[in-house]
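Enquirer: So the sequences go chain by chain: A and B. Here UniProt numbering is used: the first residue of the first sequence is 1, the next is one more, and so on. Here UniProt numbering is used: the first residue of the second sequence is 1, the next is one more, and so on. Below you will find the structure I want to go over with you.
Number of protein chains: 2
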Amino acid sequence: MANWVYKFGGGKADGGTGDKNLLGGKGANLAEMAGIGLPVPPGFTITTEMCTRFYELGETFPDDLTPEVEAGLDHIETITEKRFGAPENPLLVSVRSGARASMPGMMDTVLNLGLNDATVEGLARAAGDERFAWDSYRRFIQMYSDVVLGLDHYLFEDALEIAKEDKGYALDTELTAEDLKALVRRYQEIVAEAQGDPFPQDPQQQLWGGIRAVFASWNTERAKVYRRLNDIPHDWGTAVNVQAMVFGNMGDRSATGVAFTRDPSTGENATYGEFLINAQGEDVVAGIRTPQYLTKAGKDAAGADKPSMEEAMPEVYGELAKVFDLLESHYRDMQDIEFTVEEGTLWLLQTRTGKRTASAALKIAVDMAADGIISEEEAVCRIDPKALDQLLHPTLDPDAKRDVIATGLPASPGAAAGVIAFTADEAERRASLGEDVLLVRIETSPEDIHGMHAATGILTARGGMTSHAAVVARGMGRPCVSGAGTLQVDRDAKTMTVGGRTFKEGELLTIDGGTGEVMAGEVATVQPKLAGDFATLMGWADAHRRMKVRTNAETPAECRTAREFGAEGIGLCRTEHMFFDAGRITSVREMILAEDEKGRRAALEKLRPEQRGDFEQIFRVMAGLPVTIRLLDPPLHEFMPQDDADFAEVASASGLAVDKLKRRAAELHEFNPMLGHRGCRLGITYPEIYEMQARAIFEAALTVSAEDEAVLPEIMVPLVMSPGELATIRKLIEKAAEEVFAEMGSRIDYLVGTMIELPRAALRANDIASHAEFFSFGTNDLTQTTLGISRDDAGRFLGQYVDKGLLPRDPFVSIDEAGVGELVELAAERGRATNPDIKLGICGEHGGDPASIAFCEKTGLAYVSCSPYRVPIARLAAAQAALRAQR
Amino acid sequence: MANWVYKFGGGKADGGTGDKNLLGGKGANLAEMAGIGLPVPPGFTITTEMCTRFYELGETFPDDLTPEVEAGLDHIETITEKRFGAPENPLLVSVRSGARASMPGMMDTVLNLGLNDATVEGLARAAGDERFAWDSYRRFIQMYSDVVLGLDHYLFEDALEIAKEDKGYALDTELTAEDLKALVRRYQEIVAEAQGDPFPQDPQQQLWGGIRAVFASWNTERAKVYRRLNDIPHDWGTAVNVQAMVFGNMGDRSATGVAFTRDPSTGENATYGEFLINAQGEDVVAGIRTPQYLTKAGKDAAGADKPSMEEAMPEVYGELAKVFDLLESHYRDMQDIEFTVEEGTLWLLQTRTGKRTASAALKIAVDMAADGIISEEEAVCRIDPKALDQLLHPTLDPDAKRDVIATGLPASPGAAAGVIAFTADEAERRASLGEDVLLVRIETSPEDIHGMHAATGILTARGGMTSHAAVVARGMGRPCVSGAGTLQVDRDAKTMTVGGRTFKEGELLTIDGGTGEVMAGEVATVQPKLAGDFATLMGWADAHRRMKVRTNAETPAECRTAREFGAEGIGLCRTEHMFFDAGRITSVREMILAEDEKGRRAALEKLRPEQRGDFEQIFRVMAGLPVTIRLLDPPLHEFMPQDDADFAEVASASGLAVDKLKRRAAELHEFNPMLGHRGCRLGITYPEIYEMQARAIFEAALTVSAEDEAVLPEIMVPLVMSPGELATIRKLIEKAAEEVFAEMGSRIDYLVGTMIELPRAALRANDIASHAEFFSFGTNDLTQTTLGISRDDAGRFLGQYVDKGLLPRDPFVSIDEAGVGELVELAAERGRATNPDIKLGICGEHGGDPASIAFCEKTGLAYVSCSPYRVPIARLAAAQAALRAQR
């Protein structure tokens, strides 16, 4: 027979921290505190398994629960020496929810349960305070009617207001005991009218009603939504905690407060907390009275005048300070504690690991490791890698005022303020005048690169987390808010309208790429600090990391940033962005428009010195580290003009008629460019393009190598689906290499490998591996093809899919392990079977996502590659994954 | 040690038919004939393995070949009692290629080898014919110089012409022995001038030169191209046959001829052949002299005047007739035989299985089975399923004149002639007037369906074998030529220009969907006959078939056609085509343009009775057979207007402003519609659409069922990638079913299943199978996603890929077993693991392709589904696959 009820209090407990799944977080911690002898009001926890059973039985309780709850109540009565429902010295209890994961404010609570017309008098006598007793009774009726009886809470709020108005009172506290007695009678009339039955006087009935209501609150709509948003499974269920009430509002020797054992904002090792004398917990939260500081130091630092608890209640504070030390060393982490002092006696109501800012998390982890409380490995695992994002980008000053006009997707972290520019050219122009510019577009295309680069931030009305704007912005480290759907951007009128307000080119906007908020005007920002604790912790992380961390970068500036952030090579250097440069796009178009191979070769010869120059710069910045260069990937139509003005410009530059240009552009049009004539398919049909790129790479490599810098080029072939493609292009690369080596009289080592980004490539990895020294998993495209989802078009349904649980997470953010993951594992296994030394890495956006990095560790990849600003995140996530794998 | 040389002749042989891989087709059949005692000029075959070795050794021969060739030559000398190179009665030999698969005209041959200035005199004496001997020498020098010495053949042709002109001759035959002696001397001068060395006089040197040249001809560019186009592996190699020469041109008792043991055009069981007295084989082919018939019956039927061989050479003919019977019963198939009569002696030079038309193949197979020569199973396996295509569609009269103006892809078989219409509306208008119409478009879209249906044939300038036009045309059984790239279609001017000629609307064109030819004017056609041998053979096929054959059809007419062709159900009934009907598209657009669910439901309610009507008709036609209906699949933007005129029309019909319509169309635009908001994603975001369709299906099913017809609906959910999607939509379908059952007071059994058309669906088939009673493999989309190839855009590179061997075949025609095939197998295995009774089928275009059908049999699928006109092909291919699997 299942044990539904776990008791705690009186110096012992049936459970402890290890029973979190069964008892919920709150119940487990109450039991743990009780077990180590801390003063916890006695009580019992009904397990989460009962929640499951409750729903299985159609929201009823099994018979065997009753005796266990009765025994639990006996336990409380014995310790408190009070009796539930007794007219003298009655026992009152609270009934609270407590799930495995914190769901703040989502589920219900009933306090002061056990009060009725008889026990209220007994409470008054026991406390020697009639007003306190009747106020408690009033609060109980209101809470119980709302939570258990399902009556509208405004009925009671109205009655309270009327009572105050009748007397001419401003504050609740002005109500006297007599006023409260009358109000309780009014409340009872309201209940009787609303539900036909009087307010329940039987404490047992009250108790079971409360338990039922808390279990039922697990399945309210808002709780379900919260769980969806926070990845909490619906079948976990909540526990219910029934606990003796203690009162911080029984006079001046009573108090209630909250404390953090360290400063949750800075991480400083000093108790941080607030308390109120003669108050209940909700008064602290309600903010009607200004709380006092716990410590004298805190009070002095804040320049507050009211005494600290250390001064006002030195004895209890001394006791409390010892509890803080005990709890922190017991839990080995900073604790967030709730306590009540009832007539000079300290009671602990809750302890849990305290939430903290990223910089506080860093400081606490490093301090605790330095003090020997936790190991370096534990310190490394304590930091949420995603939280580092806050530290790597300028962030909005939390104290600054914000005039939020729209909210989009937090596409690339960091805050940016600047004047609006609606075109890339305008952005570049204003930036060259020294202005901070925010590029605002319906959506961006590769032609906007120069404007995105010139801008301090990017804002788009359309596109998801992996839209062009988002991907490029993350790569450049530019803050970006994408898909702010309420914006109406009128490029011609040079205006942006949102919520009835119109903004013109040149007006100031601020975006927060960490939250997706768009604000009018300029909001002040604060700069990140990467030294100190950050550097210490990253050093520890690197010591425990197995996988290398590379970066996806294609300009010398990006490469430099990434190297500063600790990148150990380039995992993906896209070459197409180099083709969009204003000085080159003409030659690129000349190549596309050429009638034959000879014409294409002539145009490519003009591009070769330019590409060589690009590669030379990158090889210099990345000296000593591997640089993976991907040959041209996008379909050629991406390089064609996009609108009439562009066509006219190209026509006059090329001497070709506009209609001929348009015809060629139409010929190149594709229905599904993602699945079109791109990647190595270009290298098969136009080998001269890859030939030019290969020559440029080898020429650059030999030039920089001659400067005594170590150059480690790795040439990557995109979109391979068959071994023959890679074999053909490998031969072409080798031929170009030998020609350049002969011409320049020197040689260099290089690798040739391929992206694995199509399901067929994963399936044929065994054959493909015989022509490859490395595989780099292009999980962006592999996700698109495996799931059949175009990331540019997914916005219309992907959100709903995640909300409805049809996909566990956005597969473009965290790797879809059940689908894409299986293909990656299979390709790794088959590739190694043919070529045991093959180097495996990942260069999709997933390379910067901690969950995906853990998957890569499990699959034994050699490296992950991500955008420069994600490099520290990846370093930490990789270290954590390695440490977890060791366990 | 390898045995490089296999001898034959003199009533025995080292090898036989079973050694085709080693000896090539010709060598194996010569050995076989010699082995069963037929008169074959003695000779030997150098194996295909020597070809491989020859290339391994850098085009040289191993030392151990020499003694074997010498022994082979001894063997010939012994039997013929002639000596190679002897001045008296010299042995002459032919050196011919012979690969495993026939490669007609691709490789080289040398005849009369062994002649020199001395042996030519011996030959003249032995034959008693000086002119014959010198003419043979002349031919030998010309052929050897071309094939072995690599000299330009025009050098010799010019010299021959000059010799004739000098003498005032018109024909070669006018040259006298003296003329030919002079010409041989001139030829020898030409050789000496061109290569610096005299023409080789040593017969041994001649022989080795010939052998080397034939092996080398395996790797000429044209041979390589031929192998690529015919799926012949490059590593098979060719054999070389060295054989004693016999001469059909040694006087009036000599002759040469070719014969088929049955009529290759009709299949009639009567010898069919031609011969020439006093001639060489090349004279028959050259067509200078009109050949005579072999049989008197043949002569009489043709009304020819020259005597038949049966009359002219009764004895030899009697011998030959026995050989025909012997060879046909020995090989148990119709034979194609070459023979020579040398001075009254019959020699067989070749026998092989004769090529035949589809109807001849049917008749021969059925006749032979009826005569007990072969079994019914063998008869079934004798017919190439693809050849049935010729029989199922009207075909061009082979005797009619053709004015071919362009060639496109043979997208849907059959011939069609009609007047040009450039729009679907015009096609419909003209068809309603009783005209045969050819719809000519740059490319077709779903909006053209009514015009395609009204047309007798479809011609497009763009699009591949699986373009919209091609797929729909095959489904409708309309002949179609797609992607005729040289056509310039001007819809506004209503003209089509090609090769400088302009065709107007209303002018006559003919297309041949079997060859891709487009012809000016009307070319006569002949109608197919499906009874008789066809019906007999299909009956045998059905008796041996394991898989069911269903059809992809969506109109009652298509369903009827398919049922007549033997379809055993519908495997794919697309519902979207019903949405394009002129009477419904307005409601469809109203639904798309609706602001909310209520508006969508109102529009859908208008569509429901229409859909119900569609389904009722289909259920009636398919009574007693399963009907798989796929819920709406394409993205909604496909239903929006395509051009300004359409927009204006919709605006006036809907009362919405054109710019609002355009804005909505722009919102719906997708970058990669193939990977967009389509399939069950629509059912997730707009459940009301699928709800309407499910209700319409159940209402129709109950209505037709009430008419005492058996209705077996199978509802198919498209584009599923996760089990949750199918579970959600299954619930919706079940709810609709129960509602309709309750309303109509009756129930019916039905199945719910899903397409497996995304790699992730294949990978997650185990989970998905718990919600599905069937899987239907949508291998079109599965190919697109697995290979990352948009079939609409593949035209630019897929041809090159197949040509270069990067993909073995067009993966949209024959299933890509190495990629897509593995996913299908894996999904079948995983699906069965969860649900052992799951029904598995295929409904992609591959369902009508014999190679893919064989794969489906291997994978154990329950059925294949294909377009109506492919049903017989699939029935036969499925039977063959089952029979092969039994072996």
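Backbone N, C-alpha and C fix where the C-beta goes; we use that ideal spot for every residue, glycine too.
#1: Over the uninterrupted beta strand (DSSP E) stretch that includes B/TRP347, give me the two end residues.
#2: Could you tell me whether the region 623 to 631 of chain A touches the region 565 to 584 of chain A, where touching means 3 or more Cβ pairs closer than 8 Å?
#3: If the cut is a Cβ gap below 7 Å, which residues of chain A does B/GLY800 touch?
#4: Quick check on B/VAL404: does DSSP put it in helix, strand or coil?
#5: Between A/CYS381 and A/LYS363, what straight-line distance do the alpha-carbon atoms span, to the nearest angstrom?
#6: Do the CB positions of B/GLY676 and A/ASP793 come within less than 8 Å of each other?
#7: Compute the distance between the beta-carbons of A/LEU392 and A/SER482, then report whether it is under 8 Å.
#8: Within the continuous alpha helix (DSSP H) that includes B/LYS167, where are the two ends?
#9: With C-beta atoms as the reference, is A/VAL704 less than 8 Å away from A/GLU616?
#10: Hey, would you say B/PRO687 sits closer than 8 Å to B/LEU732, going by beta carbons?
#11: Can you give me the Cβ contacts of A/MET1 inside the same chain, cut-off strictly under 6 Å, excluding the 5 residues immediately before and after it?
#12: Could you check the C-alpha separation between B/VAL650 and A/PRO673 for me, to the nearest Å?
#13: Under 9 Å Cβ-Cβ, which residues of chain B neighbour A/ALA818?
#14: With a threshold of 8 Å between beta carbons, is B/MET1 in contact with chain A?
#15: Looking at the structure shown, is B/MET1 part of a helix, part of a strand, or coil, going by DSSP?
#16: Pick from B/SER308, B/GLU739, B/PRO868 and B/ASP644: whose alpha carbon is nearest that of B/GLY257?
#17: Output, in chain order, the set of chain A residues within a Cβ distance shorter than 8 Å of B/GLU59.
#18: Kindly indicate the opening and closing residues of the alpha helix (DSSP H) around A/ILE190.
#19: Checking the sheet assignment: what are the DSSP bridge partners for B/ARG441?
#20: Mind checking whether A/ILE853 and A/ALA877 have CB atoms under 8 Å apart?
#21: Among B/ALA736, B/ALA493, B/ALA818 and B/GLY847, which residue has its Cα nearest to the Cα of A/MET721?
#22: Between the alpha carbons of B/VAL246 and B/ALA312, how many angstroms are there, rounded?
#23: With A/GLU691 as the anchor, note down where its alpha helix (DSSP H) starts and where it stops.
#24: For chain D, find out if any of its Cβ atoms is closer than 8 Å to the Cβ of B/ARG681; answer yes or no.
#25: In three-state DSSP terms, what is B/SER776?
#26: Kindly indicate the opening and closing residues of the beta strand (DSSP E) around B/LYS548.
#27: Under the three-state reduction of DSSP, which class applies to B/GLY43: helix, strand or coil?
#28: Taking A/ARG719 as the query, report the chain B residues whose CB atoms sit under 9 Å from its CB, ordered along the chain.
#29: Relative to the C-alpha of A/ASP117, which residue among A/LYS299, A/ALA473 and A/LEU180 is closest?
#30: With a cut-off of 8 Å, do at least 3 Cβ pairs link the region 735 to 752 of chain A to the region 585 to 603 of chain A?
#31: With 7 Å as the limit, tell me which residues of the region 626 to 643 of chain A have their beta carbon closer than that to any beta carbon of chain B; keep them in chain order.
#32: How should residue 897 of chain A be labelled, buried or exposed, when 16 other C-beta atoms within 10 angstroms of its C-beta is the threshold for buried?
#33: Can you give the beta carbon distance from A/GLY72 to A/GLY464, rounded, assuming they're within the 8 Å contact cut?
#34: If you count every other CB in all the chains shown that lies within 10 Å of the CB of A/LEU57, and 16 or more means buried, which is it?
#35: What are the boundary residues of the beta strand (DSSP E) that A/LEU508 is part of?
#36: In or out: B/PRO233 buried (at least 16 other Cβ within 10 Å) or exposed?
Expert: Here's the rundown:
#1: 345 to 353
#2: yes
#3: Reading off the sequence shown, one finds Gln at residue 800 of chain B, where the question assumed Gly. Within 7 Å of the CB of B/GLN800, the CB atoms of chain A belong to ILE684 and THR685, in sequence order along the chain.
#4: Residue state for B/VAL404 is assigned as strand, using DSSP reduced to three classes.
#5: 14 Å
#6: yes
#7: A/LEU392 is not a Cβ neighbour of A/SER482, given a cutoff of 8 Å.
#8: 154 to 167
#9: yes
#10: yes
#11: Confidence at A/MET1 is low in this model, with a pLDDT of 42, below 50, so its placement is unreliable and the value that follows should be read with caution. The answer is none, since no qualifying residue turns up.
#12: 30 Å
#13: For the C-beta of A/ALA818, the chain B residues within less than 9 Å are, from N- to C-terminus, SER722, ARG760, LEU763, ARG764 and ASP767.
#14: Below a pLDDT of 50, predicted positions are generally treated as unreliable, and B/MET1, at 42, falls in that range; no measurement from the model is reported.
#15: Low confidence applies to B/MET1: its pLDDT is 42, below 50, so where it sits in the model is not reliable enough to give any reading.
#16: B/SER308
#17: The premise fails here: B/GLU59 is roughly 22 Å from chain A at the closest Cβ pair, so nothing lies under 8 Å.
#18: 177 to 195
#19: B/THR460
#20: yes
#21: Just measuring C-alpha positions, the residue of B/ALA736, B/ALA493, B/ALA818 and B/GLY847 sitting nearest A/MET721 is B/ALA818.
#22: 20 Å
#23: 687 to 705
#24: No chain D appears in the structure shown, which is made up of the protein chains A and B.
#25: strand
#26: 548 to 552
#27: strand
#28: It should be pointed out that residue 719 of chain A corresponds to Leu in this sequence rather than to Arg. Ordered by position in chain B, the residues that pass the 9 Å Cβ test against A/LEU719 are GLY788.
#29: A/LEU180
#30: no
#31: Among the residues of the region 626 to 643 of chain A, none has a Cβ less than 7 Å away from any Cβ of chain B.
#32: Lying before the first or after the last residue shown, residue 897 of chain A is absent from chain A, which here runs from 1 to 887.
#33: About 51 Å; that fails the 8 Å criterion.
#34: With fewer than 16 Cβ atoms within 10 Å of its Cβ, A/LEU57 is classed as exposed.
#35: Looking at the DSSP string, the run of the beta strand (DSSP E) that includes A/LEU508 is 508 to 512.
#36: B/PRO233 comes out exposed.
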